[in-house]
Structure formats: C-alpha cells, structure tokens
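Numbering (the UniProt record's numbering), first residue to last: 1 to 311.
Written out as structure tokens, the structure is:
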C-alpha cells in the first residue's frame, strides 16, 4: 500500500510527540509513526529544567505536568568519602517527571488519528521522479512525504539519509530506577549528586513517596557490559557492592528499588562538529536526536521538547 502525506514524523517518543503537538498547535497536520503497538517510554524519568518547562508551556501541557512532580528547591554535590559539599545551581524551575506521564500528556493533546502505532520505518530514500522523501515500511507499504522529521533516537533511520554518521559509544553507562517509600521518604526537595572516583549517584524526589535515582559508571570489561546489561538484579547488586563508602540511606535507596524499573542505558553521542556541519537536516529531511555530548542526558532534560516547539 502506498500513500502520500505532507509531514511525517518518524518516532513516537517524547521528541516525536512534542513535534506533532507543536505542529498541531500551529494548525499543521502531521502523521507520527511509532513502531511499538502502544505508547511507551524508554527510561524511567527525565529531569526537566527551565528550557524544557518553557517549551512545555508553549505546548500547553506545562500546568498539567506540574501536578505530577514536586519542584526542586536546591541541589548539592557531595564528595565521597570526605563528605565535602558544593552547590548545584539550578537556574530556575526543575522537576523530575516520569517519562510515561510526559508521554501520556503530550499524546492527549494530539488529534486521535495523528499517531500510527505498529508502523516501523526500515529505510528512507528520495523518490527519483519527485525528489520527495519516500519511506519504506516493514509491512511492505510506502509513504511519500513532502517533509520527514526524524525523532527516532540514536539508531535513527532518518539520520542515514540526512548524512549523519553512526553515534559513538562512551565508556560510561547509566543505570536508572525508582524507589518507593510507602511511609514517605522524608528527603528534602533537592537534587543530590554523590561522587566517588568513577561512580556517580544522583537522586531527585518525584513526590512524597517516589524517588528517581541514577548511577553512572565506567565499564570494567566487555564481558561485564554484556552480562550486566541483560540482568537487572545483577546490575543493581554490582552498584550496591561498589557503594561501600556511601551513606546508608543512599545504599538503601538503590538496594530497595523496584527491580522492574531498574534499567541499563549505553551513553552515545555525535561529535558536535558533525551536527554543526549538517545543521540537523538536508533538503526535505530533518533529524532531531541525541545531543552532541550525551554523557549528561541522565542529569538534564528539556532539549528534545525545546527543539520541538516550532514557529
């Protein structure tokens, strides 16, 4: 089956939904293609900073999302084991959002026929007759579009036709998770980061009972990478073992986390000079994906949403 569309957004994650919503609010219809069968979130939470909140307010979803997470009142960096502390300057409104909350609210703002689920794009090429983008789908169908916007992540299909090279892999990985305290966590509303050598632990409360945490570490060997990435329990245990000098509350936060939420993520990047040279697009194609240096994507958020506010 072949069809024609004006604007096609590839990827129905945070960036893709935000792009579709931004277009919709300008009166521009688009089609968002999502390969999964339902809305889904990659990762646990996203730390939304001031630039992200400005974008969310422009999209009309800021007020609803503020009800889902408490605001941070400050932040601090703690050195382990000497306990020396320094401030984290937030520079404005910072909250930690559950990714599914963000995705659901963005999707609710779209017309019902905007997102097409179970639709995977396998390749994109230029139509030899019209020079328009031609998307090939895994079911054998094709979509001819006037404009294609790639929001399909680090392994972007659209990035290939834009001319971007494959992403590079950092020797650092991040583990994320949620810990729920049924009787309340009693933590201050602050962003805390604790560092010891190559291990870094950070956390932010989402509400009175739920805390989001992340840990960044360097790989010790290719074998550990292959093993830990497939076993959440082993992954969590290895982190707890490496936290021997950390405060008890920090160790208990990781060890008592919901194992179903513990996730491993490789940190990937594109060289900044490559993105600058391509300027994110070519002809009728545009690509929004990983930031030039994604090492701190576990710490910051807002770029994808901010870049999706059009006009």
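All C-beta atoms in this analysis are idealised placements derived from N, C-alpha and C, irrespective of residue type, glycine included.
Neighbour-count burial assignment, residue i, 16 or more Cβ in a 10 Å radius
i: residue 232; result: buried
i: residue 97; result: buried
i: residue 1; result: exposed
i: residue 317; result: No statement about residue 317 is possible, as the shown extent of the chain runs from 1 to 311 and does not include it.
i: residue 326; result: In the structure displayed, the chain extends from 1 to 311; residue 326 sits before or after that span and is not available.
i: residue 321; result: The structure shown does not extend to residue 321, since the chain is modelled only from 1 to 311, so the question has no answer here.
i: residue 114; result: buried
i: residue 18; result: buried
i: residue 49; result: buried
i: residue 152; result: buried
i: residue 52; result: buried
i: residue 205; result: buried
i: residue 200; result: buried
i: residue 290; result: Any reading at residue 290 must be qualified, since the residue scores a pLDDT of 45, below 50, and its modelled position is unreliable; the value itself is stated next. When all chains shown are included, residue 290 counts as buried.
i: residue 167; result: buried
i: residue 296; result: Reliability of the predicted coordinates at residue 296 is poor, the pLDDT of 37 falling under 50, and the value obtained from them is presented with this limitation in mind. Its Cβ having fewer than 16 others within 10 Å, residue 296 is exposed.
i: residue 279; result: With a pLDDT of 49 at residue 279, under the threshold of 50, the modelled position of that residue is not reliable, and the figure given next carries that caveat. So residue 279 counts as exposed.
i: residue 22; result: buried
i: residue 234; result: exposed
i: residue 226; result: exposed
i: residue 20; result: buried
i: residue 79; result: exposed
i: residue 216; result: buried
i: residue 257; result: buried
i: residue 150; result: buried
As assigned by DSSP and simplified to three states, the class of residue i
i: residue 237; result: helix
i: residue 102; result: helix
i: residue 1; result: coil
i: residue 67; result: coil
i: residue 59; result: coil
i: residue 232; result: helix
i: residue 94; result: coil
i: residue 27; result: coil
i: residue 32; result: strand
i: residue 314; result: In the structure displayed, the chain extends from 1 to 311; residue 314 sits before or after that span and is not available.
i: residue 131; result: coil
i: residue 219; result: coil
i: residue 125; result: strand
i: residue 74; result: coil
i: residue 86; result: strand
i: residue 47; result: strand
i: residue 261; result: helix
i: residue 249; result: helix
i: residue 266; result: strand
i: residue 22; result: helix
i: residue 227; result: helix
i: residue 145; result: strand
i: residue 158; result: helix
i: residue 54; result: helix
i: residue 302; result: Its pLDDT being 40, under 50, residue 302 is placed unreliably by the model, and the measurement read from it follows with that caveat. DSSP places residue 302 in coil when its eight states are reduced to three.
i: residue 169; result: strand
i: residue 186; result: coil
Whole-angstrom C-beta distance between residue j and residue i, which should lie under 8 Å
i: residue 124; j: residue 105; result: About 29 Å separates the two Cβ atoms, so there is no contact after all.
i: residue 28; j: residue 47; result: So it is not a contact: roughly 30 Å between Cβ atoms.
i: residue 190; j: residue 3; result: Actually they are not in contact, since the Cβ atoms of residue 190 and residue 3 sit about 51 Å apart, beyond 8 Å.
i: residue 9; j: residue 36; result: About 15 Å; that fails the 8 Å criterion.
i: residue 171; j: residue 203; result: Going by Cβ atoms, the distance from residue 171 to residue 203 rounds to 24 Å, so no, they are not a contact pair.
i: residue 103; j: residue 193; result: Incorrect: roughly 26 Å between the Cβ atoms, too far for contact.
i: residue 315; j: residue 196; result: The structure shown has nothing for residue 315, since the chain only spans 1 to 311.
For residue i, the residue or residues it bridges with in DSSP
i: residue 79; result: 195
i: residue 39; result: None; residue 39 has no bridge partner.
i: residue 136; result: 123, 142
i: residue 175; result: 215, 264
i: residue 205; result: 211
i: residue 115; result: 32
Assess contact between the segment 51-58 and the segment 111-120, defined as three or more Cβ pairs (one per stretch) separated by less than 8 Å. Is contact present? Three or more beta-carbon pairs separated by less than 8 Å are not found between the segment 51-58 and the segment 111-120, which leaves the two stretches without contact.
With three or more beta-carbon pairs closer than 8 Å as the criterion, would you say the segment 175-187 touches the segment 67-84? Contact between the segment 175-187 and the segment 67-84 is absent, because fewer than three Cβ pairs lie under 8 Å.
Cβ contact check for the segment 125-139 and the segment 106-114: 3 or more pairs under 8 Å: Flag = no, the segment 125-139 and the segment 106-114 do not touch.
contact_flag[the segment 23-42, the segment 2-13] where n(CB pairs < 8 Å) is 3 or more: As far as the Cβ criterion goes, the segment 23-42 touches the segment 2-13, which means the pair count is three or higher.
Looking at C-beta atoms only, is the number of pairs between the segment 233-247 and the segment 138-145 that lie closer than 8 Å three or more? no
Inter-stretch contact (C-beta, 8 Å, three-pair minimum) for the segment 170-179 and the segment 248-265: Contact between the segment 170-179 and the segment 248-265 is present, with at least three C-beta pairs closer than 8 Å.
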